[in-house]
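Numbering (my numbering), first residue to last: 58 to 371. Even for Gly, the Cβ is constructed at its ideal location relative to N, Cα and C.
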Amino acid sequence: MTTNDVRPLEQPGAGPVYTMLLTAKGKYLHDMFAYRSPGDSPELLLDVDAAGLTSALQWLGKYKLRRKLQLSDVSQHYSVWTAFDGQLQAGGGGQWRQDPRLPQSGLRGLFDAQQLPPPPAAAGGGSSRKQQAAGMSIVSEEHFQRWRYMLGIAEGDTDMPTGEVAPLECNLDALAGISYSKGCYIGQERNSYTHYRGIIRKRMMPVLLPGLDASARLPCPLPIVSSAAPASRTASSSRSSQIGMLTNHTGDAGMAYIKLAPALAAAAGQGPGLQLQLEGGAVQQVVPQRPEWWPSEWGNEEGSPQASSSSSGG
């Protein structure tokens, strides 16, 4: 049912598995982290974007058929915490686990919703609670979101347009979210074809919005156009002139679903710049960032090399 192989969760102490649910046409529906339930319980805990929880439960219920599975919303019992932007290691009562997407994406865990989680251990540091907590602070979800955008990771139904973007366009293969050796899953045929064809012209990509105030909130999604394109008289541009779409942002950092050729050229300072056309004729510059963890062949699959300089990383 999902893009990744969750059988490793059968092993005691296994960390979470990142995976996606797809539509029958192979488009993104929801992403999630699957956790082994504490103890010897045969249950799995699924960490899903709250905005898509009802839809995900309905989808899973639709495809469980006659299997003796029980699906329940247990979000009132658990809270999701992340620990990031530092040298950390899994620990803290056994609940902290490495975020499986990237080595630099920090730790993630499910904890009792009524309590603060224990601090994770600092890599190479002491094991006492005081030593673990040293230098750590609780920050807002927006703070983490901006950090994640700067790293170049899209997450959840707001960042990734449901029913529009393909899993490999979400960089799922580089984020340890897909298995090509497991059995079939919904939407596999289209995804496998794209994988073996090896050409992807649009991807989820981090962008900077220079000069935008930290408290500003743009009405996403917004079309991204070339600065060389004629100015639109309205906030929306015709689809033919669009290079991509700003799907979400926090302050001056965001995620875009964008064509690679013009985006990588703009990231290298080559060719026309990119912009948003806002209400009242205002214009907001958009600067794509190529993450350091992107494979060098991304954007070069068709033998026409694009910019390979890295401007974003952890």
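Per the Cβ contact rule, the stretch 227–234 is not in contact with the stretch 319–336 (fewer than 3 Cβ pairs under 8 Å).
Gly356 sits away from Tyr206, with the two beta carbons spaced by 7 Å or more. In the DSSP annotation of this structure, the continuous segment of the alpha helix (DSSP H) that includes Lys119 starts and ends at Leu110 to Tyr120. Contact between Pro224 and Gln346 does not hold, since the beta-carbon distance rounds to 21 Å and is not under 8 Å.
Closest in alpha carbon position to Trp351, among Gln155, Leu159, Trp138 and Gln152, is Leu159.
In this chain, Pro160 is not harboured by any alpha helix (DSSP H), its DSSP state being neither H nor E. Excluding sequence positions up to five before and after Leu279, its CB lies within less than 6 Å of the CB of Leu303 and Leu333, all in the same chain and listed in chain order. If you check the CB distance, Arg154 and Gly72 come in under 7 Å.
Restricting attention to Thr111, Leu103 and Phe168, the CA atom closest to the CA of His134 is found in Phe168.
Between the alpha carbons of Gly326 and Thr307 lies a distance of about 24 Å. Under the Cβ criterion (8 Å, minimum of three pairs), the stretch 241–256 counts as touching the stretch 72–88. For Pro319, the uninterrupted alpha helix (DSSP H) segment begins and ends at Leu317 to Ala324. Nearest in C-alpha terms to Pro174, of all of Glu199, Tyr314, Met193 and Pro157, is Met193. Relative to the Cα of Pro95, the nearest Cα in the group Gln152, Gly338 and Ala285 belongs to Gln152.
Residue environment analysis places Asp270 among the exposed positions, since fewer than 16 neighbouring C-beta atoms fall within 10 angstroms of its C-beta. Exclusion of the five residues before and after Ala273 leaves no residue of its chain whose Cβ lies closer than 6 Å to its Cβ. Counting of Cβ neighbours within 10 angstroms places Arg165 among the buried residues, the total reaching 16 or more. A distance below 7 Å separates the beta carbons of Met58 and Tyr120. Rounded to the nearest whole angstrom, the C-alpha separation of Leu266 and Gln342 is 6 Å. In the DSSP assignment, Gly301 falls within the unbroken beta strand (DSSP E) covering Gln299 to Thr307.
If only uninterrupted beta strand (DSSP E) runs of at least 3 residues are considered, those enclosed by the stretch 67–113 are 74–79, 85–93 and 101–105.
Between the stretch 246–261 and the stretch 105–116, the count of Cβ pairs shorter than 8 Å is below three; the stretches do not touch. In the DSSP assignment, Lys259 forms a beta bridge with Lys316. Under DSSP, Val340 takes part in a beta bridge, and its partners are Gln334. Secondary structure of Phe141 (DSSP, three-state): coil. Contact annotation: Leu79 and Ala91 have beta-carbon atoms that are not nearer than 7 Å.
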